[in-house]
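Visitor: The structure is given below, and queries will be raised subsequently.
Residue numbers (this note's numbering): 343 to 617.
Below, the structure written as structure tokens:
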């Protein structure tokens, strides 16, 4: 009788904690299929959904809901049912959910913000971050205008990456490139990061974990660990904590592509193995 062996292709990567945000389900720019692949290739004790998971702003203007978007929701609900602690911290695009703060739905806990303690004892403030965005706080109409322009850039980005895929080139984000090259955008990002770090320091915490600006980052700011988990429109990234308490950023490419490579290699080995 043949002994069963562990199949590395099928085994998900396990973390103590995963943070994802800015998925923007309900928009054509949402990379739902890639997020679905990521969710299926990872497991965690706790999964934080750090805002803008569903884009209520865009859904009000135009209804769009692909089957892959539904699959993401079902996968998260399934994780909650199987024992993963799922915490949803609403953002500005899904701000309608804020009326349900401190309630639980289908195993998903809705919280405005909270403090996460790592294995190493670091106390991290977890929130979406939109309340520290001057544009959102002081001129919401301007945020809506910017959102429309951003949606247009994302469409260009889709066309560009369709061409790059046909040419055998890897995924590249036009919007991320523009953010890093435009002086005002760089200044805005820096101001946002500094404001969040200052808030964590004011509360006597060790760090802050947020989303909102679609720029994955881990860095020290005045003795505070600032973490942004990125998004699933441009960077396809998440923040994770391993069982040693280390925080790091991971991407869809890092988590999913090795599995696909291993799967293809295994299929090739089966094809050439003698019968």
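Every residue gets a Cβ at the ideal spot worked out from N, C-alpha and C, and that includes glycine.
Determine the closest residue to residue 409 out of 378, 439, 446, with distance taken between C-alpha atoms.
Guide: It is 378 whose Cα lies nearest to the Cα of residue 409.
Visitor: Is it buried or exposed, residue 460, if we count other Cβ atoms within 10 angstroms and call 16 or more buried?
Guide: buried
Visitor: Name the one or two DSSP bridge partners that residue 372 has.
Guide: BP columns for residue 372 are empty, so no partner.
Visitor: Residues in its own chain within less than 6 Å of residue 364 by CB, not counting five upstream and five downstream?
Guide: 394, 553, 556, 573
Visitor: Check whether the Cβ atoms of residue 466 and residue 388 lie closer than 9 Å to each other.
Guide: No.
Visitor: How about residue 464 and residue 587: do their beta carbons lie closer than 9 Å?
Guide: In this structure, residue 464 places its C-beta atom within 9 Å of the C-beta atom of residue 587.
Visitor: Mapping DSSP to helix, strand and coil, what is residue 386?
Guide: strand
Visitor: When the Cα of residue 473 is compared with those of 418, 541, 422, 425, which residue comes out closest?
Guide: 541
Visitor: Which same chain residues end up closer than 7 Å to residue 357 when comparing Cβ atoms and leaving out the 5 residues on each side of it in sequence?
Guide: 384, 386, 582, 583, 584
Visitor: Determine the direct distance from the alpha carbon of residue 589 to that of residue 421, and round the result to whole angstroms.
Guide: 22 Å
Visitor: How far does the beta strand (DSSP E) with residue 451 in it extend, from its first residue to its last?
Guide: 450-452
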